[in-house]
Amino acid sequence: MVTVLLTGFEPFDQDLINPSWEAVRLLDGVQLQEGVTIIARQLPCAFATASVCLNQLLAEHQPQLVIATGLGPGRSDISIERVAINLNDARIPDNLGAQPIDTAVIPDGPAAYFSTLPVKAMVKAVREAGFAASVSNTAGTFVCNQVFYSLQHALAGSGVRSGFIHIPFLPGQGAGSQPSMALEATVEGLRVALLAAWNTPRDIPESGGQVC
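For the sequence shown, the numbering used here assigns the number 276 to the initial residue and increments by one for each residue that follows.
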């Protein structure tokens, strides 16, 4: 069976749900296209165990495409990440109480890894399907970035494409007026992004940069 591995995180920081898991679990077992099945699995939100769990899933399922997802507080769209950095710098403790500051994800590893997904083509496909999306050039320095970096490290040179997507809060989540996206829109946006990733051999040459 040809498989696509899709992961989301357990809740963290006192939230009762994590939109990344709520979305990806609805795609578990879905046929991305004929002969290609999505396998959705939850990762712990903990520096000590998230990457270990991810590597176990890679070994168990031998996927042909891997996309990890996580909550991006403050994000208003489906943010397809371009780069992971070799840095843990936690603003808050993880679910095991760990709060690493300025440590390496992998000692002596490269400073950064780029996504091997066609990120701009994915953004274009999601937008054309009617959902907000953008290229993001920072995956943060919490467990999301750690998983993204570890994923790219584990699959470097394998030919298996992989990357990370941040998604917004669900409506009603977050303090104050945090941006959000309906669950149905997030699920369909992710499905469209996965389909574009699977069917696009090379990224498209259009602007996705940011001015700062």
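We put the beta carbon where it would ideally sit given N, CA and C, even for glycine.
Just how far apart, CA to CA, sit residue i and residue j?
| i | j | result |
| --- | --- | --- |
| Asn363 | Leu445 | 26 Å |
| Cys328 | Arg366 | 23 Å |
| Ile442 | Val422 | 15 Å |
| Gly415 | Asp303 | 27 Å |
| Pro368 | Ile440 | 22 Å |
| Met456 | Ser351 | 7 Å |
| Val418 | Ile360 | 12 Å |
| Glu335 | Arg402 | 33 Å |
| Gln337 | Val277 | 9 Å |
| Gln306 | Ala387 | 33 Å |
| Gly405 | Ala468 | 12 Å |
| Thr312 | Val435 | 16 Å |
What residue range does the alpha helix (DSSP H) around residue i cover?
| i | result |
| --- | --- |
| Phe423 | 418 to 430 |
| Ala334 | 325 to 336 |
| Glu403 | 394 to 403 |
With distances taken between CB atoms, is the gap from residue i to residue j smaller than 8 Å?
| i | j | result |
| --- | --- | --- |
| Pro393 | Ala471 | yes |
| Ile314 | Ala396 | no |
| Ser326 | Ser390 | no |
| Asp290 | Gln448 | yes |
| Gly310 | Ser295 | no |
| Glu297 | Gln317 | no |
Using DSSP's beta-bridge definition, name the partner residues of residue i.
| i | result |
| --- | --- |
| Asp364 | Ile376 |
Note the first and the last residue of the continuous beta strand (DSSP E) segment covering residue i.
| i | result |
| --- | --- |
| Ser411 | 408 to 411 |
| Gly345 | 340 to 346 |
Taking one C-beta from the region 401 to 417 and one from the region 351 to 363 each time, how about it: are there three or more such pairs within less than 8 Å?
Between the region 401 to 417 and the region 351 to 363, the count of Cβ pairs shorter than 8 Å is three or higher; the stretches touch.
Check whether the region 313 to 332 touches the region 370 to 379, taking contact to mean three or more Cβ pairs, one atom from each stretch, closer than 8 Å.
Contact between the region 313 to 332 and the region 370 to 379 is present, because at least three Cβ pairs lie under 8 Å.
Quick test of the definition: if touching needs 3 or more C-beta pairs under 8 Å, does the region 331 to 342 touch the region 417 to 433?
A contact is defined here as three or more CB-CB pairs under 8 Å, and the region 331 to 342 meets this definition with respect to the region 417 to 433.
Report yes or no: do the region 374 to 389 and the region 448 to 468 share at least 3 C-beta pairs separated by less than 8 Å?
No, they do not touch.
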